[in-house]
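Peer 1: A single structure is presented below for examination.
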Amino acid sequence: MKFQSGIYHMIEVFSMSNEGKEGKILLIDSQGKTVEELAGNGYHRWIKLPLAEDQEYTLELEHCDAPLIYLSECENILEKGICYLNEQVEGNCLTNDKLARWYDTPYREQYHFNPYQGWINDPNGLCYFKGYYHLYYQYNPFGQEWNNMYWGHATSKDLMHWVHLPVCLEPQEELRGNTQAKGGAFSGSAVVSGDEILFYLTRHFGPLEDGPETIEYQTFTRSRDSIHFEPEQVIVERPGPEVSYNFRDPKLFFYGGKWNMVLGSAVSGVPALVNFTSENGIDGWEYQGPILTDSRGGIETIECPDFFELDGKYVAVGDLMWYHDAYGRYQPLWYYIGNYQDGKLQVEQDGLLDFGTNFYAVQSFEHEGRRIAIGWISDFYSEHQILEPGAYGSMSLPRELHLKNGKLTMLPVQEAYALKGEALASVKQQGLHLEQVPGNSYYVKLCMERQTDFELVLAQQPGASLRFVYQNGVAEIKTAGVATESVRFPADVSAICTAEIFVDRRTVEIFLNDGEAAGAKVFYLDSADGSFSAEFADAAAVSELSVHRMNSVWGK
Numbered sequence: 001m002k003f004q005s006g007i008y009h010m011i012e013v014f015s016m017s018n019e020g021k022e023g024k025i026l027l028i029d030s031q032g033k034t035v036e037e038l039a040g041n042g043y044h045r046w047i048k049l050p051l052a053e054d055q056e057y058t059l060e061l062e063h064c065d066a067p068l069i070y071l072s073e074c075e076n077i078l079e080k081g082i083c084y085l086n087e088q089v090e091g092n093c094l095t096n097d098k099l100a101r102w103y104d105t106p107y108r109e110q111y112h113f114n115p116y117q118g119w120i121n122d123p124n125g126l127c128y129f130k131g132y133y134h135l136y137y138q139y140n141p142f143g144q145e146w147n148n149m150y151w152g153h154a155t156s157k158d159l160m161h162w163v164h165l166p167v168c169l170e171p172q173e174e175l176r177g178n179t180q181a182k183g184g185a186f187s188g189s190a191v192v193s194g195d196e197i198l199f200y201l202t203r204h205f206g207p208l209e210d211g212p213e214t215i216e217y218q219t220f221t222r223s224r225d226s227i228h229f230e231p232e233q234v235i236v237e238r239p240g241p242e243v244s245y246n247f248r249d250p251k252l253f254f255y256g257g258k259w260n261m262v263l264g265s266a267v268s269g270v271p272a273l274v275n276f277t278s279e280n281g282i283d284g285w286e287y288q289g290p291i292l293t294d295s296r297g298g299i300e301t302i303e304c305p306d307f308f309e310l311d312g313k314y315v316a317v318g319d320l321m322w323y324h325d326a327y328g329r330y331q332p333l334w335y336y337i338g339n340y341q342d343g344k345l346q347v348e349q350d351g352l353l354d355f356g357t358n359f360y361a362v363q364s365f366e367h368e369g370r371r372i373a374i375g376w377i378s379d380f381y382s383e384h385q386i387l388e389p390g391a392y393g394s395m396s397l398p399r400e401l402h403l404k405n406g407k408l409t410m411l412p413v414q415e416a417y418a419l420k421g422e423a424l425a426s427v428k429q430q431g432l433h434l435e436q437v438p439g440n441s442y443y444v445k446l447c448m449e450r451q452t453d454f455e456l457v458l459a460q461q462p463g464a465s466l467r468f469v470y471q472n473g474v475a476e477i478k479t480a481g482v483a484t485e486s487v488r489f490p491a492d493v494s495a496i497c498t499a500e501i502f503v504d505r506r507t508v509e510i511f512l513n514d515g516e517a518a519g520a521k522v523f524y525l526d527s528a529d530g531s532f533s534a535e536f537a538d539a540a541a542v543s544e545l546s547v548h549r550m551n552s553v554w555g556k
């Protein structure tokens, strides 16, 4: 494959030898000088080779595959992003401003962040640093399934338009070629400190089926430019056998003159968020025990915790692993509100954070007075459909958090509304039927003067549908013809005053009553065009029903 280096000074190749072969990577410059590197044997080796600017090169693969190749290291890389090398596109080079056609498939979101390819899960290291929002994330770039974990990275100036950046963390050496173990760089968080970012994350190494032999420990690293990381150091290991081998996902907060690190785990078999403290946030971590426990039964552990102060109270958030609620929803995200005293959260109120339960591993950060949260649009109901080019998973719209009437409320950040495009319809006191919504990326605003039963059809194709229904005082997402049709997704609201709905191809996010309840749900259409319909028992109760197209965030 021939390519022009342009503004870039580095090529990064993730290569694996074909079975039974010794694979090689050959980089040949315009004068015929060749650099040769061995591909990984049984694993993807991450190879970095320097380039000269504005030169033509040839990359040859011998007896190996390289599913991820990109150019990196350039001036203003946070603005420019990396350049993916791909023989399917003109010039073999796909820069961040030319991703529109790559992303334009029925299963790829147009205004939710999703990776160039592969698998994505938990958001990590969310922060604002030197003029950019930073999103790190769990990443397997080699297929649309989970595997040993890397960290991917993207930046944005407005939380909506994202720039793809180099991979920054990889699995441990001991996992390379080990088919009987799994792990890698698991989830973590970030703290901005002066002119650097401090990162805290879990490293996982263990058997293919988690159990007592699973090892999870916390590491620390830092970066001054958000791209290059210092070598990691181990800072926290499991304190004793009473603490579960599920021991992960550090989230930092400052309290009582010390740095606190909350982790998801279980103590003596009871799911818990546990806490460690340190004077400097780097070493000397001391175990303080559980911040809270949840003994309702059926929960393996709490994972992906968050803990923060909001509107005069403290809020803890965690995922209830392996738990099914009374409606059949799996692994819901739960919040707990109360006062924080003597190292314990005195819980006054708790509840389900997202009633659609395709919203997981949420992480939040504070910037300029806003508590901003991003969650992983997950797929615990095995609904994903593979399409090339494609990816598994995406991130939710960034949501702003508040407390209101004892509930944790969420609405999309204001920046999301700047993506509203042309109006497709605007009516009142009547229903609406749009047989075709080109692009299947749209926004719905519904305002009610009084209560009446209604049904909104948000996606449908022969034999399958996704609807939002209000009937007999119950508001819920209903699916048919898909894996979740036997699961109920009711919202914890007594009435519907307003509903805002963001449809983005396979992802739907619903926000009720100015954030009183929120629900995310995935649904796969075979077409990139969608539809919308709304029927009301008493149409005169509708004071506003409008539909707008949403613009893509991917460059043309």
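The sequence shown: position 350 = 350 (UniProt numbering), numbered continuously. For every residue, glycine included, the Cβ atom is placed at its ideal position computed from N, Cα and C. Note that this is a predicted model, so its numbers are computed, not measured.
1) With DSSP as the reference, label Ala541 as helix, strand or coil.
2) Return yes when the Cβ of Val444 is within less than 9 Å of the Cβ of Val503, no when it is not.
3) How would you label Thr219, buried or exposed, when you count the other beta carbons within 10 angstroms and need 16 or more for buried?
4) So, are the CB atoms of Gly269 and Asn246 less than 9 Å apart?
5) How long is the line joining the alpha carbons of Ala541 and Val493, rounded to whole angstroms?
6) DSSP state of Asp379, grouped into three classes?
7) Looking at the strands, I want to know which residues DSSP matches up with Tyr70.
8) Can the beta-carbon of His548 be found closer than 9 Å to that of Leu424?
9) Just the Cα atoms here: how many angstroms apart are Tyr133 and Asp319?
10) In or out: Ala475 buried (at least 16 other Cβ within 10 Å) or exposed?
11) Residue ranges of each beta strand (DSSP E) run of no fewer than 3 residues wholly in the stretch 248–286, ordered along the chain?
12) Would you call Ile386 buried or exposed, if buried means 16 or more other Cβ atoms sit within 10 Å of its Cβ?
13) Could you tell me if Asp354 is buried or exposed, where buried requires 16 or more neighbouring beta carbons within 10 angstroms of its beta carbon?
14) Going by the beta-carbon positions, is the gap between Val553 and His161 smaller than 9 Å?
15) Tell me, which residues are paired with Ala475 by DSSP?
16) Can you tell which of Leu434, Arg506, Arg450, Asp225 has the C-alpha that lies nearest to the C-alpha of Leu466?
17) Hey, Gln138 and Ser187: beta-carbon distance below 9 Å or not?
18) Between Tyr335 and Asp350, is the Cβ-Cβ spacing less than 9 Å?
19) So within the stretch 286–324, which uninterrupted beta strand (DSSP E) runs reach at least 3 residues, ignoring any that extend past its ends?
20) Is the beta carbon of Lys428 closer than 9 Å to that of Asp515?
21) Tyr200 by DSSP, collapsed to three states: which one?
22) Quickly, what does DSSP pair Ile25 with across the bridge? List them, please.
23) To the nearest angstrom, how far is the alpha carbon of Ile374 from that of Asp29?
24) Determine the contact status of Tyr8 and Leu71, defining contact as a CB-CB distance below 9 Å.
25) Does the separation of the CB atoms of Thr155 and Ser226 fall below 9 Å?
26) Check whether the Cβ atoms of residue 562 and Gly118 sit closer than 9 Å, and answer yes or no.
27) Do you know how far the Cα of Thr34 is from the Cα of Val482?
28) Among the residues of its own chain, which have a CB less than 7 Å from the CB of Ile82, if the five just before and after it don't count?
29) Contact check, Pro250 vs Ser189 under 8 Å by CB: the rounded distance?
30) If contacts are defined as beta-carbon pairs under 8 Å, then Asn275 and Ile291 qualify, I think. What distance do you get, rounded to the angstrom?
31) Going by DSSP, what residue range makes up the beta strand (DSSP E) through Ala423?
32) Which runs of the beta strand (DSSP E), 3 residues or longer, sit entirely within the stretch 107–194?
33) Just curious, the alpha helix (DSSP H) that residue 558 is in, first and last residue?
34) Work out the CA separation of Ile372 and Tyr417 for me, nearest whole Å.
35) Short check: CB of Pro171 to CB of Ala361, under 9 Å?
Peer 2: In short:
1) helix
2) yes
3) buried
4) no
5) 18 Å
6) coil
7) Glu12, Tyr84
8) yes
9) 24 Å
10) buried
11) 248–255, 258–267, 270–278
12) exposed
13) buried
14) yes
15) Tyr470
16) Arg506
17) yes
18) yes
19) 286–293, 302–310, 313–320
20) For clarity, residue 515 is Gly in the given sequence; the question names Asp instead. Contact: no.
21) strand
22) Glu37, Leu61
23) 43 Å
24) yes
25) yes
26) What the structure shows of the chain is the stretch from 1 to 556, and residue 562 is not part of that stretch, so it cannot be assessed.
27) 52 Å
28) Tyr70, Leu71, Ser72, His164, Leu165, Pro166
29) 6 Å
30) 5 Å
31) 420–427
32) 118–129, 132–140, 150–156, 162–169, 181–193
33) Residue coverage of the chain in this structure runs from 1 to 556, which leaves residue 558 outside it and unanswerable.
34) 15 Å
35) no
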